[in-house]
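In what follows, a single structure is set out as structure tokens and then discussed.
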Amino acid sequence: MQWASDEQNRHQPAPDSSTLTMTPDEARAEYRQESQSTQSNRIDLTELEFDWTVRSGVDFDDVGGMDDEKAELEKDVIKPLTTHREKAVELGITPSNIIFHGPPGTGKTFLAKALATELELPFVKLSGSDVQSKWINESSQKVQTLFEEAQAVAEEGGGAVVFLDELDSVLKNRGAGRAHEEDTKVVNEFLNRLENTDEHNIVFIGATNRLESLDDAGIRSGRIDKKIHIGMPDCDARASILQAQLSNRPCRLTRKQIRTIAKRTDGMTAADLTSLVDEAARNSLFRNGDAKITEEDVHQALSD
429 MQWASDEQNR HQPAPDSSTL TMTPDEARAE YRQESQSTQS NRIDLTELEF DWTVRSGVDF
489 DDVGGMDDEK AELEKDVIKP LTTHREKAVE LGITPSNIIF HGPPGTGKTF LAKALATELE
549 LPFVKLSGSD VQSKWINESS QKVQTLFEEA QAVAEEGGGA VVFLDELDSV LKNRGAGRAH
609 EEDTKVVNEF LNRLENTDEH NIVFIGATNR LESLDDAGIR SGRIDKKIHI GMPDCDARAS
669 ILQAQLSNRP CRLTRKQIRT IAKRTDGMTA ADLTSLVDEA ARNSLFRNGD AKITEEDVHQ
729 ALSD
């Protein structure tokens, strides 16, 4: 059998040099195809306690603006876990755990979901209430179960993404003088688990509106290395968000009209802009015409 294999290899044509190099997009596409095939064949996410999924429904193309943030995530998380994984291992580079912080409604959760899609890894989204319990020791036990599941999923799927919204309700500052014993147990469990995420290709993402309320030991380098501020979008970012929200809907808005609307929406968050486009779509549905969103529909939504 070995001889036959060697004979086959000897008679195989030499690979075309054009196939030896790929663009980053081609490499990413190949990685995703292999990753999806592996996950679909080996992982049964329905048997786990937490709600794991392999598709979040949004990707970076759906995220309006945030070009600097997306570039930072590309460098610190996406490349080390996807197209450049072997080289990252050689260089001793591990994916970073992340905190998204900033005002409510600025797109922290949306960006986390998009990152999970870009990674094509199993993804779980939780809030503080999913971890907290009124029963003694149960909250810390949930944290333990969460990371044990993440480790098992990562071993099968090549990595995993854990996203915890309202992180300040779980990773509470123990030095604030009001820490309950059960809260301290939860924080200690988190600290222990965050130490080892890089060994299992687990990416932890936390989101909070109150970075100052988090435990100092939990957000130090070595546990959570990246703190990315997601602020209020400027005019360019608002135009990008509007463009992204309108891209999959029938509309009659030019880029110039979208830019004009962006100038009128100063002070709006990403969530506000999404609601604005939703309301404009409703206006389009109920007026006479061909059900395409127009500038008039958006201006009416702004006036309501």
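Going from the sequence shown to our numbering is simple: count from 1 and add 428.
Every residue gets a Cβ at the ideal spot worked out from N, C-alpha and C, and that includes glycine.
Please look up how many angstroms separate the CB atoms of residue i and residue j, rounded, as I've assumed it's under 8 angstroms.
| i | j | result |
| --- | --- | --- |
| D725 | S712 | 5 angstroms |
| G646 | V615 | 7 angstroms |
| D479 | V552 | 6 angstroms |
| R651 | L681 | That belief does not hold up - the Cβ atoms of R651 and L681 are roughly 45 angstroms apart, past 8 angstroms. |
| G659 | T534 | 6 angstroms |
| L670 | H529 | Going by Cβ atoms, the distance from L670 to H529 rounds to 24 angstroms, so no, they are not a contact pair. |
| P523 | V631 | 5 angstroms |
| D596 | L642 | 6 angstroms |
Which class does residue i belong to by DSSP, given the choice of helix, strand or coil?
| i | result |
| --- | --- |
| K600 | strand |
| L642 | strand |
| H657 | strand |
| S463 | In this prediction, S463 has a pLDDT of 49, which is less than 50 and means its spatial position is unreliable; what the coordinates show is noted afterwards. In the structure shown, S463 sits in a helix (DSSP, three-state: H, G or I). |
| N437 | Below a pLDDT of 50, predicted positions are generally treated as unreliable, and N437, at 47, falls in that range; the measurement from the model is reported next regardless. Looking at N437 - three-state DSSP - the assignment turns out to be helix. |
| G587 | coil |
| L476 | coil |
| T636 | strand |
| I736 | Residue 736 cannot be examined here, being either before or after the span of the chain that is shown, 429 to 732. |
| L592 | strand |
| L619 | helix |
| T481 | strand |
| T447 | Caution applies to T447, whose pLDDT of 40 falls short of 50 and renders its modelled position unreliable; the value that the coordinates give is listed next. Of the three classes helix, strand and coil, the one that applies to T447 here is helix, per DSSP. |
| L574 | helix |
| N469 | In this prediction, N469 scores a pLDDT of 44, lower than 50, which makes its location untrustworthy; the coordinate-derived value is nonetheless stated afterwards. Note: N469 maps to helix in three-state DSSP. |
| K684 | helix |
Please report the residue range of the alpha helix (DSSP H) in which residue i lies.
| i | result |
| --- | --- |
| F488 | Per DSSP, F488 belongs to no alpha helix (DSSP H) and is neither H nor E. |
| L730 | 723-731 |
| L670 | 663-674 |
Got a sec, what are the start and stop residues for the beta strand (DSSP E) residue i sits in?
| i | result |
| --- | --- |
| T510 | T510 -> no beta strand (DSSP E), and no H or E assigned at all. |
| I527 | 526-529 |
| K536 | Here K536 belongs to no beta strand (DSSP E); instead the alpha helix (DSSP H) covers 536-547. |
| K720 | Element bounds for K720: n/a, residue is neither H nor E. |
| L704 | That residue, L704, is in no beta strand (DSSP E); its alpha helix (DSSP H) goes 698-714. |
| L501 | Not the beta strand (DSSP E): L501 falls in the alpha helix (DSSP H), residues 495-501. |
| L554 | 551-554 |
Using CA coordinates, which residue listed in the options is at the minimum distance from residue i?
| i | options | result |
| --- | --- | --- |
| A499 | L539, L519, G530, T534 | L539 |
| L519 | K655, L574, L509 | L509 |
| Q673 | V517, V486, A588 | V486 |
| K691 | D700, F488, D662 | D662 |
| T537 | E594, D479, D504 | E594 |
| A708 | M696, C679, A699, R683 | C679 |
| V598 | L704, D558, L501 | D558 |
| S484 | A635, Q671, V590 | V590 |
| G492 | A665, D644, L704 | A665 |
| Q569 | P550, F528, T612 | T612 |
| D490 | F528, Q728, T573, T545 | T545 |
| A729 | L704, R715, E514 | L704 |
| E514 | E566, S731, G586 | G586 |
| N676 | D706, D653, S641 | D706 |
| D626 | P532, M696, I721, A578 | A578 |
| I656 | F488, D504, E475 | D504 |
| N525 | L574, H727, L592 | L592 |
| E477 | T573, Q560, E583 | T573 |
| H727 | K720, L701, I689, T697 | I689 |
| Q685 | I721, P531, D496 | I721 |
| S567 | I521, A582, E617, A588 | E617 |
| T636 | D496, P531, E475 | P531 |
So, is the C-beta of residue i closer than 8 angstroms to a C-beta in chain D?
| i | result |
| --- | --- |
| E583 | The chain inventory of the structure shown lacks chain D, comprising one protein chain alone. |
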